[in-house]
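Read the structure below first, then the notes.
Residue numbers (my numbering), protein chains in the order written: chain Z, -8 to 167; chain C, -8 to 167.
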């Protein structure tokens, strides 16, 4: 599907089939995540990719009830900021750079027929600390978001286009 | 092109032709911006869309030297967070939600043959304050990013695929 259709059809999918995601497909998804722009091209992210069910359950435990879909996911990705790479003039651009990577990941997944749901971690301190502890991350690596991935249990979910989501009240022309 | 190709071909384009972007195309780009996920579906963004050359120059003045491409842009978008809509439990998710909107905007533009460059504003305080003052924004509206848009001066730029950007060192399997 074309780029606009992928943006239209991407939706949060929380139930997955047992069909595994191949390593080749996973590589394509991660590659897409690394193709977004980043501040001064810092590429200040890193990714932890998990298939182990026990670890997926622990990631869900650490991220609160919205993270339940991870328990049935085929793959979970913890996207992190890597502060050793961040722009020294304004390190907090890492938050934006990792967001861009994650949006590319969920769009690439949709293009490849894979469902995903983005589970917020940063800036909720308890979740951030929970993931840091689970993976024993160095101080320079900050958990940003979890993404659960799997082929949709209901195959139709990814073929539905959504209605227009344009909100005229949120667009201002030439001035506020 | 398909969704993966758009992600691969999107690149920062800083020189534009005189060809105007039609209102219909601009609407499609903004619609894409509003189709990303957001925390608890808060949709906590708003957009100021500028074609006026004088205003584009003032936006560039307020955003430092990397914002020079705005002066030759056909359209500039100031994407903002709208804190009145943010998730009360963790308002700073607005930073992520606006990032997602901006990434959808630059990808939709690429699909439609339009070049773009994402110009960082937040978290650089001087830039944020400069845009706030220029547009006399209410306190609840925080400038996040500028996006310059225009048909590429060099049409070939958007047809070039980039090499793989996959960095194995930034991917960890199962554990850190």
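Where is the CB? At the ideal position from N, CA and C, for every residue including glycine. Remember, predicted model here, so these are calculated numbers, not experimental data.
If you look at residue 85 (chain Z), you'll find it in the alpha helix (DSSP H) that goes 84 to 102.
Counting the other Cβ atoms within 10 Å of the Cβ of residue 115 (chain Z) gives 16 or more, which makes it buried. Put simply, the CB of residue 41 (chain C) is near chain Z, with a gap under 7 Å to one of its CB atoms. In this structure residue 64 (chain Z) does not touch residue 149 (chain Z) by the C-beta definition: roughly 15 Å separates them, more than the 8 Å allowed. Not one beta carbon of chain Z lies nearer than 7 Å to the beta carbon of residue 85 (chain C). Cβ atoms of residue 93 (chain C) and residue 134 (chain C) stay farther apart than 8 Å, at about 12 Å. Fewer than three beta-carbon pairs drawn from the stretch 122 to 134 of chain Z and the stretch 3 to 23 of chain C are found closer than 8 Å, and the two stretches are therefore not classed as touching. In the DSSP assignment, residue 164 (chain Z) falls outside any alpha helix (DSSP H) and within the unbroken beta strand (DSSP E) covering 162 to 164. Interface annotation, residue 91 (chain Z): in contact with chain C, CB-CB separation under 7 Å.
For residue -1 (chain C), the number of other beta carbons within 10 angstroms of its own is at least 16, and it is reported as buried. Here the stretch 156 to 166 of chain Z does not lie against the stretch 110 to 124 of chain Z, with fewer than 3 beta-carbon pairs under 8 Å apart. Between residue 137 (chain Z) and residue 54 (chain Z) a beta carbon distance of about 6 Å is seen, short of the 8 Å cut, so the two are scored as contacting. Sixteen is the threshold: since fewer than 16 other Cβ atoms of the shown chains lie within 10 Å of the Cβ of residue 164 (chain C), the residue is exposed.
At least 7 Å separates the CB of residue 146 (chain C) from every CB of chain Z. Secondary structure of residue 150 (chain C) (DSSP, three-state): helix. Counting the other Cβ atoms within 10 Å of the Cβ of residue 106 (chain C) gives 16 or more, which makes it buried.
With its beta carbon less than 7 Å from one in chain Z, residue 22 (chain C) belongs to the interface.
Interface annotation, residue 50 (chain C): not in contact with chain Z, CB-CB separation never under 7 Å.
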